[in-house]
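Residue numbers (our numbering), protein chains in the order written: chain A, 1 to 157; chain B, 158 to 260. Glycine included, each C-beta is placed from N, C-alpha and C at the ideal position.
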Amino acid sequence: MLRIPADMVAAIVAHARADHPDEACGIIAGPAGSDRPTRLVPMTNAERSPTFYRFDSGEQLRLYKQLDAADEEVVVVYHSHTATEAYPSRTDISYAGEPQAHYVLVSTREPDSDEFRSFRIIDGAVDEEDVEIIPAAPDVAPASTSDVRAESDLVQS
Amino acid sequence: MSVSVSVPTILRPVTKGEKTVSAEGTTLAEVITDLDSRYSGLGDRLVKNGALHRFVNIYVNDEDVRFTGGLETAVTEGDEVTILPAVAGGSSTGGSSTGGSSR
Numbered sequence: 001m002l003r004i005p006a007d008m009v010a011a012i013v014a015h016a017r018a019d020h021p022d023e024a025c026g027i028i029a030g031p032a033g034s035d036r037p038t039r040l041v042p043m044t045n046a047e048r049s050p051t052f053y054r055f056d057s058g059e060q061l062r063l064y065k066q067l068d069a070a071d072e073e074v075v076v077v078y079h080s081h082t083a084t085e086a087y088p089s090r091t092d093i094s095y096a097g098e099p100q101a102h103y104v105l106v107s108t109r110e111p112d113s114d115e116f117r118s119f120r121i122i123d124g125a126v127d128e129e130d131v132e133i134i135p136a137a138p139d140v141a142p143a144s145t146s147d148v149r150a151e152s153d154l155v156q157s
Numbered sequence: 158m159s160v161s162v163s164v165p166t167i168l169r170p171v172t173k174g175e176k177t178v179s180a181e182g183t184t185l186a187e188v189i190t191d192l193d194s195r196y197s198g199l200g201d202r203l204v205k206n207g208a209l210h211r212f213v214n215i216y217v218n219d220e221d222v223r224f225t226g227g228l229e230t231a232v233t234e235g236d237e238v239t240i241l242p243a244v245a246g247g248s249s250t251g252g253s254s255t256g257g258s259s260r
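Now the structure itself:
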């Protein structure tokens, strides 16, 4: 089961809506081994595509070094599907390389309703899991998360 | 030439749980061959059909090797090699949009 603060759910959906019709992607980090998502990090979709996403490789390296230095790990990997359901595609399954992570998919195909679902993807096997939305932690400020996206990307958008 | 190689979570079962391993070589290809000789199966996770596997990113001193010559990227004593899983996917079932679709 994924337990996730309500404000992070809202932030992921907002990111997906903002980038629609392209796919949006990012992670939520948390203390290593805690399975607790505490720090939302939106990532650049280097493909800028409605049917594919890939973290920008330089941005990803900066992120992973930050995580390592802070004794954090990737707790959630999220991305959006913009014309299909929020279920892992064969491509999603083939790339899934974070066995400890919850894979969150959001669908923005319906303008007025959001699908938000979570999966474990290990060795090619997909298991959907329950999502429990918990109140936002008062001592956490996900709106002010560090941003590893390159400045040039931010200026362009 | 001895370099240090940072191994991602998903490949640590192959490296007996080690997060950082050392390897010998003058190119990335030689480093991978050396690693595979001690951690059997690692090579197949990194290289496919003679090229870097699309499921991984490899960096030499923070430079993505896709931009520096791929497997032929030169390494020198003390270099840091970082392997990360490529975080990618998407609703398309046709594979990567950059992967050269056959249609």
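Distance check for M1/A and V131/A, CA to CA, integer angstroms please.
6 Å
Check the C-beta distance from E151/B over to V164/B and give it rounded, since I have them as a contact under 8 Å.
For residue 151/B there is no data in the structure shown, the boundaries of chain B being 158 and 260.
Is there at least one Cβ from chain A nearer than 8 Å to G246/B's Cβ?
yes
Let me know the secondary structure DSSP gives G252/B once reduced to three states.
No answer about G252/B holds up, because its pLDDT of 41 lies below 50 and its placement is not dependable.
Helix, strand or coil at V9/A according to DSSP, with G and I counted as helix
helix
Are the C-beta of D221/B and some C-beta of chain A separated by less than 8 Å?
The beta-carbon of D221/B is placed less than 8 Å from the nearest beta-carbon of chain A.
Same chain, Cβ closer than 8 Å to T255/B, five either side skipped, listed in chain order:
Note that T255/B has pLDDT 43, beneath the 50 cutoff, so the model's placement of it is unreliable and the number below is only indicative. Closer than 8 Å at Cβ, skipping near neighbours: no residue.
Just the Cα atoms here: how many angstroms apart are E220/B and L241/B?
12 Å
With respect to the beta strand (DSSP E) encompassing G30/A, which residues constitute its N-terminal and C-terminal limits?
25–31
Can you find a C-beta in chain A that's less than 8 Å from the C-beta of S179/B?
no
Using a Cβ-Cβ cut-off of 8 Å, state whether A180/A counts as contacting chain B.
It is not possible to answer for residue 180/A, since the shown part of chain A is limited to 1 through 157.
According to the neighbour-count rule (16 or more other Cβ atoms, all chains shown, within 10 Å of its Cβ), is D112/A buried or exposed?
exposed
Which residues in chain B have a C-beta closer than 8 Å to the C-beta of H81/A? List them in chain order.
G247, S248
V41/A to R48/A, Cα distance in whole Å?
If you take the alpha carbons of V41/A and R48/A, they lie about 17 Å apart.
Taking the Cβ atom as the reference point for each residue, do A101/A and V74/A lie within a distance shorter than 8 Å?
yes
Near V222/B, which residues of its chain fall below 8 Å by C-beta distance, leaving aside the five closest residues on each side in sequence?
L185, L209, I215, Y216, L228, T230
Assign A86/A to one of two classes, buried (16 or more other C-beta atoms within 10 Å of its C-beta) or exposed (fewer than that).
buried
So, using beta-carbon positions, are V171/B and L199/B closer together than 8 Å?
yes
Quick one: does D92/A have its CB under 8 Å from some CB of chain B?
Nearest CB-CB separation between D92/A and chain B: below the 8 Å threshold.
Cβ neighbour criterion (16 or more within 10 Å) applied to I27/A
buried
Through-space distance from I121/A to L67/A, alpha-carbon basis:
Here the alpha carbons of I121/A and L67/A stand approximately 21 Å from one another.
Near-chain A residues of the stretch 197–216 of chain B - C-beta to any C-beta below 7 Å:
F212, N214, Y216
Can you confirm whether G58/A, when its beta carbon is compared against all beta carbons of chain B, has any partner nearer than 8 Å?
yes
For V13/A and V106/A, believed in contact at Cβ under 8 Å, the rounded distance
Cβ atoms of V106/A and V13/A come within 8 Å of each other, at about 6 Å.
Within the continuous beta strand (DSSP E) that includes S118/A, where are the two ends?
115–122
Residues in its own chain within less than 7 Å of A136/A by CB, not counting five upstream and five downstream?
Leaving aside the five residues that flank A136/A on each side, the residues in its chain whose CB is nearer than 7 Å to its CB run, in chain order, P5, A6, D7.
Distance CB(A245/B)-CB(Y53/A) smaller than 8 Å
Against a cut-off of 8 Å, the Cβ pair of Y53/A and A245/B comes out as a contact.
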